[in-house]
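Have a look at the structure below before the remarks.
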Amino acid sequence: MRDLTSRALDTATALGATYADVRVVRRLEESIQIKSTRVEGVSAGETEGFGIRVLVDGAWGFAASHNLTTAEADRVAGEAVRIAKASATSTRLRVTLDSRPPAHGRYETPCVEDPFAIPLDRKIGDLLEADRALNNIKGIAWSESIYAAQREWKTFAASDGSFTEQVITHIGAGLEANAIDGDEHQRRSYPDNGGLWASAGYEHVRAMRLAENAERAASEAVELLTAPPLPAGTRTILLHPSQLYMQVHESCGHPTELDRAFGTEASYAGTSFLMPDMLDGFRYGSDLCDIVADATVPAGLGTFGWDDEGVAAQQVALVKEGMFVGYLSSRETAPRIGRQSGGAMRADGWNRIPLIRMTNVNLLPKPGMSFDDIVADTDDGLLFETNRSWSIDDRRLNFQFGTEICREIKGGKVGRLFRNGTYTGITYELWRSMDAVGDASSWRMWGTPNCGKGEPPQTGHVGHGVSGARFRNVRVGVSS
Amino acid sequence: MSGSVDGGLDLRGADPEGALRLAEEVVRLASAAGAGEAEALVMAGDSALTRFANSEIHQNVASSEVYINLRVAQGRRVGVASTGRIDAEGLRAVVERAVAIAGAVEELPDWAGLPPAGAGPRAPLASAWADGTAGFTPEQRAEGARAVIAAADAAGVTAFGSFSMDAEAIAVASSTGIRAAERRTSSQLLTVTMGPDGGSGYAEQCSVDATRIDAAAIGREAAERARVTANPVDIAPGDYPVVLNPYAVSDITDMLGYLGFSALAVAEDRSFFEAGRRVGSDLVTITDDGTDADGFPAGFDAEGVAKQRLVLLDRGVCRDLAYDQQTAARAHRASTGHGLPAPNPYGPFPTNMAMAPGSASLEELIGGMERGLLVTRFHYTNPVHGKRVVITGMTRDGTFLVEGGRIVGPVRNLRFTMSYLDALAGVEAVSRERRCIKGMLGGAVVPALRIGSFTFTGATAAG
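Order-wise, the sequence lines are chains A and B. All residue numbers for the first sequence refer to this note's numbering, where the first residue is 18 and numbers rise by one. All residue numbers for the second sequence refer to this note's numbering, where the first residue is 6 and numbers rise by one.
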C-alpha cells in the first residue's frame with residue numbers, strides 16, 4: 018500500500034502541490050432484509066479505491082479512482098492538480114491549514130464477535146426469529162426486519178509524513194411492525210427506526226434482544242390504529258432518548274459544523290444560525306445543556322483514531338452550561354476562528370472528499386434524576402418516542418418532528434397513547450426551555466447511519482449519546 | 006491490488022460495449038460456479054463536480070468508478086453481491102459471495118425468475134448521451150461557476166452552488182438472454198444566491214448536454230431573485246392560495262413517486278393509489294417516460310427491461326403503476342421496466358416523471374391570485390403521514406406575497422404541513438413552460454402550478 022500512497026504523493030508534489038494527502042479505502046458490506054417472515058434480500062458488497070486531495074496555489078483539487086495501480090496513481094494525481102489549478106481561477110481566500118503534528122499509528126474498532134466471521138445462516142436465523150415474533154400479533158399488515166454491517170480498511174498518508182491505518186466496523190439491526198386500517202398506517206420500530214447502529218461487533222445485535230421485544234412493538238403498532246390523534250396545543254414534552262438524539266442531530270450537530278457556518282453548504286441543505294461572532298456569547302440552551310463532539314466515546318458511529326485529515330480523535334465542547342462555545346471543524350476552517358482543528362473531517366469512501374461531519378454529538382447526562390424520575394416529576398405532559406419524520410429550515414432554526422408514538426403523562430404516570438404526534442419550534446427556544454436532563458442510567462449511544470451532506474451527496478455515519486430530557490411550553494399536534 | 010479484467014477489458018470512461026462484455030463475463034463465471042440463474046448489472050463511468058460558495062470555488066472533484074451487481078438464483082433461493090473490483094480476483098470473489106448467499110437463504114415462494122430475453126430494449130437510446138458532457142473539462146466547469154459568480158457580483162449578492170456532470174455506461178446481461186447496454190450523460194448547474202439584507206434566490210438547469218447549460222442566465226435568474234427578496238417581512242401562517250415554481254412542483258412529483266406510484270407500495274397497502282381514484286384536478290396529468298428528451302432519458306431499468314411509458318395520473322385520475330419483475334409477477338403481468346438494483350426492498354419507482362403543461366404563463370398564474378403566496382422552492386421535506394402524502398417542509402430562496410394579482414414583496418420563510426394529494430386536487434392552472442429539475446427520483450419535467458389553498462403551519466425566526 019505504501020507504494021501506491023508514496024507514488025501518489027510524490028507525483029502530486031512534483032506537479033506543484035504544496036500539500037497532498039491520499040486515502041486508500043476498502044469497504045465490505047453485508048445486509049439482510051426480511052419482510053413478513055420472507056428473507057427478501059441478502060447482499061454482500063465490496064468496493065475499493067483511492068482518492069487524492071491536493072492544494073495548488075491555495076486551492077483544492079480532488080480526484081479518485083477504483084484502479085489501484087501506481088500508473089493510475091500518477092494519472093489521478095495529475096488530474097487532481099489540474100482540477101486544483103482550475104479552482105484557483107476562482108478563489109478569493111487562499112486555503113491555509115492548521116499545524117497539527119504528523120499522524121502515525123493504527124486504530125481498530127473493538128469487536129467481541131466479528132460480524133463477518135459469523136455464519137450467514139445464523140445471522141438470518143436470529144433476525145427471522147424476531148421477525149416471526151412480530152407476526153405473532155394479530156393485526157400486523159406487514160413487518161420488516163433488517164441487519165447490516167460494514168467494515169472499512171482505511172490507509173491515510175500525507176505529504177507531511179503522516180501515515181495511519183484504521184479498521185472501522187459498524188453494525189446495526191432493528192425490527193418494524195406495520196398496522197394499516199384504511200388510510201391510517203401506523204408503524205412501531207424496535208429499538209429504533211432504521212435499526213440501532215454502533216461501532217461494535219455482533220455482540221451489539223445480541224444485546225438488543227430483538228425477539229424478546231418484538232411482540233411489544235407489534236402490539237403498540239396495532240394499538241396506535243385506534244388511538245386518538247394528538248390534539249394541538251402548547252405542552253410540556255419529554256423526549257425519550259430514541260427521539261432526543263435526532264433533536265440533537267438536527268438542531269445542534271448540523272448548525273455547529275463550521276463549514277456550514279461559513280456558507281459552503283448553502284447550496285445544498287443550507288447554512289447555520291450559529292455564526293462565529295456568537296461564540297462564547299450566545300445562549301443556546303438552559304444551564305443544563307452541555308453538548309460535546311466526542312470521537313473517543315466507545316461504540317459511537319463517529320468513533321475513530323484519526324479523522325480523514327490525520328487529526329487525532331478528541332472531545333470538543335460545543336455547548337457548555339447553555340452557552341455556545343465551539344464548532345465541529347477542520348484544518349482549513351479552524352484557523353479562521355483562531356483555533357486548531359477538532360478532528361471532524363470525514364469522507365464517505367474513497368471517491369469522496371472529506372467534509373466536516375459530526376463525530377458523536379452528545380448531550381451529557383446530569384446527575385439527580387433518572388429519566389423515569391423525570392416522568393414521575395411531570396404532572397401534565399407528553400412523552401415522544403422513536404423518530405418518524407424530521408424537517409428543519411435552511412438555517413437550522415424552525416424544526417418539526419414526528420414520532421412513532423406519543424404517550425400522555427398525568428400525575429407522573431404514563432397513560433394513554435396518541436397517534437401521529439408532532440412537535441415544532443425554534444431551536445434555541447426549545448433548548449432554553451429544557452428543565453430536566455436524565456442521569457447516566459438512561460444515557461447510551463444512538464446512531465444515524467444516513468446523514469446526508471455535500472455535493473456530490475455523501476452519507477455519513479454519526480453518533481449521539483443522550484439520556485432523555487424535558488422541555489416546557491412546546492407547540493404540539495401540528496397537522497394539515 | 007486490482008487492475009483491469011483478464012482479457013484486456015478497458016472500462017475507463019463510458020464504454021457500453023466494454024460494460025456489456027464485463028456483465029456477460031460475470032454471468033458466465035456465475036453459471037460456471039453452478040448458479041441456476043444469473044444477472045449482472047454493470048455501471049462504469051466518470052463523475053465530476055465543481056462547487057462554489059461565497060463567490061469562489063471551494064471544492065472540485067472527479068472520480069472514475071465501476072460497480073458490478075450480481076444476482077444469482079438457485080431454484081427459488083436468491084443471493085446478491087456487488088463489487089467495485091474488475092480484476093480476476095474481484096470477479097471470482099463477487100461470484101463466490103453471491104452463490105454462497107443463495108445457498109444460505111430460505112426460498113422465496115413466489116420468486117418470479119429473471120426477466121425473459123424479450124423484455125430487453127430493442128436498441129440503445131441515442132438521446133441519453135451527449136459528447137459535450139463526456140468531454141466537459143474542469144476549466145469549462147470553472148468557467149460556468151465564474152459566469153454565475155459574475156452575475157451575482159453584478160447584482161451585489163453572493164453565489165453558492167455546484168456544476169456537476171456524469172458520463173456512464175450501463176449494461177445488463179443475464180442467463181435468460183437479457184442483453185442491454187447504453188451510455189448516458191447528465192449535467193446540472195444550480196445556484197443559491199444570498200444578499201446582505203436577508204435576500205435569497207435559486208436557479209437550476211439540467212441537461213443531458215452540459216454545453217447547453219446557460220450559466221450566465223442561471224446566475225442572473227438567481228441573483229435577481231436574491232435582490233428582490235431583500236428585507237423579507239413576517240406573514241402569519243394559515244391557508245393561502247399559492248403559485249408554485251417548477252422547483253417546488255418537482256418535490257410533489259418526487260414524493261408521489263416515492264410514496265405512491267410503486268406497485269410494491271400498493272401491494273403493501275401504504276400507497277394512496279387505486280386505479281380509477283381521482284386524486285387531482287382535471288389539469289393534472291403525470292407520466293413516466295424514459296424516452297422523454299426533456300429529462301434524462303433511459304432505455305431500460307436495472308433488470309435490463311425496456312422502460313414503458315406510464316400515465317400515472319390521467320387528468321387527475323390514478324391509472325398506471327411502476328412495476329419491476331418481482332412485483333409484476335405477483336400481479337400476473339409484465340414488468341414496466343422500473344426496477345432498481347437488487348436486492349430492492351423499496352420496490353420499483355418511476356424515475357422519468359413529467360407533468361403535462363398547461364396554457365398559462367407564470368405571470369398569468371400570479372395574476373389570477375387575489376391574495377396568495379408565490380413559492381420558489383421547498384426545503385427539507387419529509388412525510389408526516391405517507392399514505393395520505395402529508396408532507397412537512399419549509400419554503401426557501403424566495404417566498405413572495407401576491408395581492409391583486411401582483412407581487413407585493415418578499416416574506417420570511419414558512420413551514421407547511423400539507424397533503425400533496427389535496428394540493429393536486431386544488432390545482433387551478435398550469436403553466437405552459439416546464440423545466441427539468443433533478444430530484445430524489447431522477448429528473449422530473451414539471452410546470453408551475455396555481456393551487457387554491459395550501460396550509461402553512463409555522464414561520465421561521467429572524468435571529
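Using N, Cα and C, we set each Cβ at its ideal position, and we do this for glycine too.
Residues bridged to residue i [DSSP beta-bridge criterion]
i, result
"A/Thr22", "For A/Thr22, which the question treats as bridged, DSSP gives no partner whatsoever."
"B/Gly243", "B/Phe461"
"A/Arg252", "A/Val491"
"A/Ala215", "A/Ile188"
"A/Arg204", "A/Asn195"
"B/Gln210", "B/Leu194"
"A/Gln357", "None; A/Gln357 has no bridge partner."
Through-space distance from residue j to residue i, alpha-carbon basis
i, j, result
"B/Val416", "B/Thr198", "17 Å"
"A/Cys128", "A/Ser216", "8 Å"
"B/His390", "A/Gly494", "13 Å"
"A/Pro118", "A/Trp323", "12 Å"
"A/Thr420", "A/Asn210", "10 Å"
"B/Ala103", "B/Ser212", "37 Å"
"B/Ala298", "B/Asn357", "10 Å"
"A/Ala34", "A/Ala76", "10 Å"
"A/Trp463", "A/Gly317", "7 Å"
"B/Thr462", "B/Asn418", "11 Å"
"B/Ala35", "B/Val77", "7 Å"
"B/Glu308", "A/Val333", "48 Å"
"A/Gly432", "A/Glu237", "13 Å"
"A/Val454", "A/Ile391", "8 Å"
"A/Asp411", "A/Leu345", "18 Å"
"B/Leu113", "B/Val83", "8 Å"
"A/Phe416", "A/Leu261", "13 Å"
"A/Arg405", "A/Gly438", "9 Å"
"B/Ser267", "B/Ala139", "32 Å"
"A/Pro246", "B/Met423", "16 Å"
"B/Gly447", "B/Gly431", "26 Å"
Residues of its chain near residue i, where Cβ-Cβ distance is below 7 Å and the 5 sequence neighbours each way are ignored
i, result
"A/Tyr301", "Val336, Gly339, Met340, Phe341, Tyr445, Trp448"
"A/Ile254", "Gly398, Leu399, Phe401, Tyr440, Phe488, Val491, Val493"
"A/Leu114", "Tyr36, Arg348, Glu349"
"B/Ile371", "Val248, Leu379, Val407, Gly410, Ile412"
Within chain A, partners of residue i - CB distance below 7 Å
i, result
"B/Asp274", "Ala158, Ile197"
"B/Leu54", "Glu472, Pro473"
"B/Val71", "His83"
"B/Glu61", "Ser107, Thr108, Arg109, Leu110"
Residues of its chain near residue i, where Cβ-Cβ distance is below 6 Å and the 5 sequence neighbours each way are ignored
i, result
"A/Ser48", "Ser60, Ala165"
"A/Ala25", "Val39, Ile69, Ala90, Ala94"
"A/Arg43", "Glu65, Trp170"
"A/Gly480", "Gly317, Leu318, Gly319, Asn377, Met462, Gly464"
"B/Val47", "Ala24, Leu27, Ala28, Ile73, Ala176"
"B/Leu269", "Thr332, Gly352"
"A/Asp365", "Gln475, Thr476"
"A/Lys52", "Glu161"
Contact set between residue i and chain B, taken where Cβ atoms lie within less than 7 Å
i, result
"A/Phe173", "Going along chain B, no residue has its Cβ under 7 Å from A/Phe173, so there is no contact; the nearest lies around 17 Å."
"A/Arg55", "Leu113"
"A/Glu96", "Ala67"
Cutoff 8 Å; reference residue i; Cβ partners in own chain excluding five residues on either side
i, result
"B/Pro21", "Pro129, Ala174, Ile175, Ala176, Ala186, Glu187, Arg188"
"A/Gly58", "Ser48, Ile49, Gln50"
"A/Glu63", "Arg43, Arg44, Leu45, Glu46"
"B/Gly398", "Asp256, Phe383, His384, Tyr385, Thr386, Asn387, Arg420, Phe421"
Within chain B, partners of residue i - CB distance below 9 Å
i, result
"A/Glu63", "Ala86, Ser87, Thr88, Gly89, Arg90, Gly95, Ala98, Val99, Arg102"
"A/Phe401", "By Cβ distance, chain B contributes nothing, its closest Cβ being about 14 Å from A/Phe401, past 9 Å."
Any non-hydrogen atom of the ligand ADP closer than 7 Å to residue i Cβ
i, result
"A/Val39", "In the structure shown, the ligand ADP is absent, as is every other ligand, since no ligand is present at all."
Contact set between residue i and chain B, taken where Cβ atoms lie within less than 8 Å
i, result
"A/His202", "Asp274, Arg275, His390, Gly391, Lys392"
Self-check item: Sequence ranges, alpha helix (DSSP H) only - wholly within the stretch 406-494 of chain A, length at least 4
Solution: 444-449
Quiz item: Hey, which unbroken runs of the beta strand (DSSP E) at 3 residues or more fall wholly within the stretch 149-175 of chain A?
Solution: 159-175
Practice problem: Could you tell me which uninterrupted alpha helix (DSSP H) segments, each at least 4 residues in length, are contained entirely in the stretch 256-321 of chain B, listed from first to last along the chain? | Solution: 268-272
Quiz item: Enumerated in chain order, which unbroken segments of the beta strand (DSSP E) with a length of 3 residues or greater are wholly contained in the stretch 63-124 of chain B?
Solution: 82-88
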